[in-house]
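K.L.:
Going down the list, the sequences are from chains A and B.
If you read the first sequence in the working numbering, its first letter stands for residue 1, the second for the next number, and so on.
If you read the second sequence in the working numbering, its first letter stands for residue 1, the second for the next number, and so on.
Structure incoming, see below.
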Amino acid sequence: MLPILGGAIIGLAASILLLFDGRVTGISGITSGVIKSETPDKSWRIFFLSGLIIGGVLLRFFRPEAVTIISGAFNYDYALAGFLVGFGTVLGSGCTSGHGVCGLSRFSVRSMVAVLIFIGTAMLTLFVFKTFRGVL
Amino acid sequence: MKNVVALLSGLIFAMGLGLSGMTRPDVVKGFLDITGEWNWSLMGVMFGAILVHSIAYQLIMKRKSPILEKEFYLPTKTSVDSRLIIGSIIFGIGWGWGGICPGPAIVNLASGSARAVIFVLFMLLGMKVFQWFDNKVLSK
């Protein structure tokens, strides 16, 4: 039940931002807007991202396993994966939150196509890694 | 006030990600690993999020404007183009590789771990490189 409850809380957060600020909760769009020079309204974006980090700090206290699982030394896999996630989400105008949560909730065809493609590609990537490197 | 709401929304969003297991690459990979022991968590997360937000969306859209803004800023593009498809493929490779997408990556910064920081720094670099590429090459 916890995943469904967690999902419902994510849906609530997205609804609050839309109702009050009229904004879509796409994390890649919010983040890339901050580092783009011509974005006019950066302040709410910076506050939203700060909220995510403060949330992470709170999670450390009552659910530490949620924010410690990727701990470890520097690793090229995380650098390359991060680069592809950044590049791909800006080119494809969205990630799991923007297309997955907000777009599907609006029944957007673009988002449905995007979600099917990125979940399919991610499954295939993991399968290839498992087959050739033997690790997940 | 708009900023306070944005901060609260981010904080609540992070709680949802943490509770649902989305901040853990092992849980995400458990869902993406279809040839292994399939972990349905991510389906549950999407179900819960879409159930709540799709109903709220219908109700919110009955309003003329948001409470603190003059208008709604919704995506306007409707066409399925090559950018959407290629971008989603590249994102999918990175997501399957690391098991982390942008929201969980930023929440994980609170762990202070080198991997989380490296992931976010390179994610920002990837975004910046695309913005540059788009301005210099694609838009010319």
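From the three backbone atoms N, C-alpha and C, an ideal C-beta is built for every residue, glycine too.
Please specify which runs of the alpha helix (DSSP H), each continuous and at least 4 residues long, are wholly inside the stretch 40-96 of chain A, giving them in chain order.
P.N.:
Counting only runs of 4 or more, we get 43-62 and 76-91.
K.L.:
So with Cβ pairs under 8 Å, would you call B:V5 a contact of chain A?
P.N.:
Yes, because at least one Cβ of chain A sits closer than 8 Å to the Cβ of B:V5.
K.L.:
Measuring CA to CA, which of B:M22, B:L51, B:L124 and B:F119 is closest to B:L42?
P.N.:
Nearest C-alpha to B:L42: B:M22.
K.L.:
If the cut-off is 7 Å on Cβ atoms, which residues from the stretch 30-54 of chain A count as contacting chain B, listed in chain order?
P.N.:
Hits within the stretch, in order: T31, S32, I35, K36, S43, W44, F47, F48, L49, S50, G51, L52, I53 and I54.
K.L.:
Output yes or no for whether 8 Å exceeds the beta carbon distance between B:S20 and A:G6.
P.N.:
Cβ atoms of B:S20 and A:G6: closer than 8 Å.
K.L.:
Do you know how far the Cα of B:I34 is from the Cα of A:L126?
P.N.:
Whole-angstrom Cα-Cα distance: 9 Å.
K.L.:
Residues in its own chain within less than 7 Å of A:D21 by CB, not counting five upstream and five downstream?
P.N.:
Cβ neighbours of A:D21 beyond the five flanking positions: W44.
K.L.:
Taking DSSP as the reference, what is the three-state secondary structure of A:R23?
P.N.:
A:R23: strand per DSSP, three-state reduction.
K.L.:
Whose Cβ in chain B lies nearer than 9 Å to the Cβ of A:F129?
P.N.:
Within chain B, the residues near A:F129 are G96 and W97.
K.L.:
Counting C-beta neighbours from all protein chains within 10 Å, is the total for B:W38 16 or more, i.e. buried, or is it exposed?
P.N.:
Classification for B:W38: exposed.
K.L.:
Can you pull out the residues from the stretch 9-32 of chain A whose beta carbon lies closer than 9 Å to at least one beta carbon of chain B?
P.N.:
For the stretch 9-32 of chain A, which is checked against every Cβ of chain B, the residues closer than 9 Å are I9, I10, G11, L12, A13, A14, S15, I16, L17, L18, L19, F20, D21, G22, R23, V24, T25, G26, I27, S28, G29, I30, T31 and S32.
K.L.:
So, is B:V5 buried or exposed, given that buried needs 16 or more other C-beta atoms within 10 angstroms?
P.N.:
Per the 10 Å Cβ criterion, buried.
K.L.:
Name the chain B residues that come within less than 8 Å of A:R63, Cβ to Cβ?
P.N.:
Those within 8 Å of A:R63 in chain B are G18 and L19.
K.L.:
Using a C-beta to C-beta distance shorter than 7 Å, which residues of chain A count as neighbours of B:T23?
P.N.:
Within 7 Å Cβ-Cβ: A66 and V67.
K.L.:
Under 8 Å: do the stretch 113-129 of chain A and the stretch 79-99 of chain B share three or more Cβ pairs, one atom per stretch?
P.N.:
Flag = yes, the stretch 113-129 of chain A and the stretch 79-99 of chain B touch.
K.L.:
Take the Cβ of B:L138 as the centre, count every other Cβ of all protein chains shown within 10 Å, and call the residue buried at 16 or more, exposed below.
P.N.:
Its Cβ having fewer than 16 others within 10 Å, B:L138 is exposed.
K.L.:
Are any of the Cβ atoms in chain B nearer than 8 Å to that of A:L133?
P.N.:
The question names Leu, yet the displayed sequence has Arg at residue 133 of chain A. Output row for A:R133: interface = no.
K.L.:
Would you kindly work out how many angstroms separate the C-alpha atoms of B:G92 and A:G82, rounded to a whole number?
P.N.:
Cα-Cα distance, rounded: 11 Å.
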